[in-house]
Amino acid sequence: MKLASRVACWFLAVVSLVSCSRSRINWILMDETEHFTFYAANSAEAAVPPLAHELEASYDRITKDLQVAAAGRFPVYVFPDIETYHQAIGRLDASASSVGTVQGTAVWLVSPLNPGGALDSQSVLTAGVHEFTHAAVNYLNGSLDQNNYQIPIWLNEGLAGYEARQMTPDWRARIAQRVADGAFPPSVATSCLTDSIR
Ligand SMILES: [Zn+2]
478 MKLASRVACW FLAVVSLVSC SRSRINWILM DETEHFTFYA ANSAEAAVPP LAHELEASYD
538 RITKDLQVAA AGRFPVYVFP DIETYHQAIG RLDASASSVG TVQGTAVWLV SPLNPGGALD
598 SQSVLTAGVH EFTHAAVNYL NGSLDQNNYQ IPIWLNEGLA GYEARQMTPD WRARIAQRVA
658 DGAFPPSVAT SCLTDSIR
């Protein structure tokens with residue numbers, strides 16, 4: 478292959494890689510509440526009011542617990558469906574219960590009004606609170622541009638699960654059983670058995 482052809486191929490490969498990895502979603506600025514800025518994709522607009530209500534209702538409690546005094550609003554992006562969301566995070570093989578994540582201090586969430594097959598609307602709203610907790614932890618750690626790896630995963634997930642009130646008696650019973658079965662490293666198991674996670 479001639480040099481010019483090789484350069485052209487390389488250029489096209491880079492261009493296609495960049496355009497494929499960039500989100501093609503047309504984000505619509507829907508609302509600015511006291512502590513959040515909401516963007517929705519087409520056909521996800523109706524999910525913003527219930528999500529805004531859920532997040533604002535949790536904001537004071539979570540930021541007080543974490544002692545976060547944020548200077549600005551947290552961005553929230555609402556995806557229209559689970560397929561579009563999985564495409565955006567680059568995980569087409571993700572499970573149907575994977576409905577949210579954070580990018581720095583931005584929350585990404587599937588529309589609670591179109592949650593897909595695995596979860597109901599309230600579970601997705603709760604997942605939004607879970608992801609907001611991660612965003613607040615990222616804010617606290619100054620990790621604004623990427624996911625926060627400065628905190629152990631078990632602690633980060635423990636905080637998010639606690640604040641989103643996902644640690645139901647049933648969940649705790651299952652975790653206690655897994656600890657008893659030796660499913661966790663000793664340091665994590667010890668934490669699970671104390672009152673630090675309730
Ligand atoms: Zn999490």
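Taking this note's numbering, the leading residue of the sequence shown gets 478, the next gets one more, and so forth. Think of the CB as a built atom: it goes at the ideal place given N, C-alpha and C, for glycine as much as any other residue.
- In this structure, the C-beta of E640 stays at least 6 Å away from each heavy atom of ligand 1.
- Nearest Cα to E509 within the set L528, G605, T578, N503: L528.
- By the Cβ neighbour-count rule, S588 is buried, with 16 or more other Cβ atoms within 10 Å of its own.
- Within the region 542 to 598, the alpha helix (DSSP H) runs of at least 4 residues that lie entirely inside it are, in chain order, 559 to 565.
- For the pair V576 and V601, the CB atoms are nearer than the 7 Å cut-off.
- In the three-state reduction of the DSSP assignment, I630 falls in the helix class, which pools H, G and I.
- Annotation for I652: the continuous alpha helix (DSSP H) segment containing it runs 646 to 657.
- Shortest gap from the CB of A604 to any heavy atom of ligand 1: 6 Å or more.
- Remark: the C-beta of E511 is outside contact range of ligand 1, defined as less than 6 Å to any heavy atom.
- The region 632 to 649 makes contact with the region 606 to 617; the number of CB pairs closer than 8 Å reaches 3 or more.
- Checking the DSSP bridge columns, you'll see L506 partnered with Y516.
- With contacts defined as CB atoms closer than 7 Å, A571 and G594 fail to qualify as a contacting pair.
- Non-local beta-carbon contacts of E531 in its own chain, meaning distances under 7 Å to residues more than five positions away in sequence, involve L602, G605, V606 in chain order.
- A distance below 7 Å separates the beta carbons of A517 and V555.
- Rounded to whole angstroms, the separation of the alpha carbons of N633 and R649 is 17 Å.
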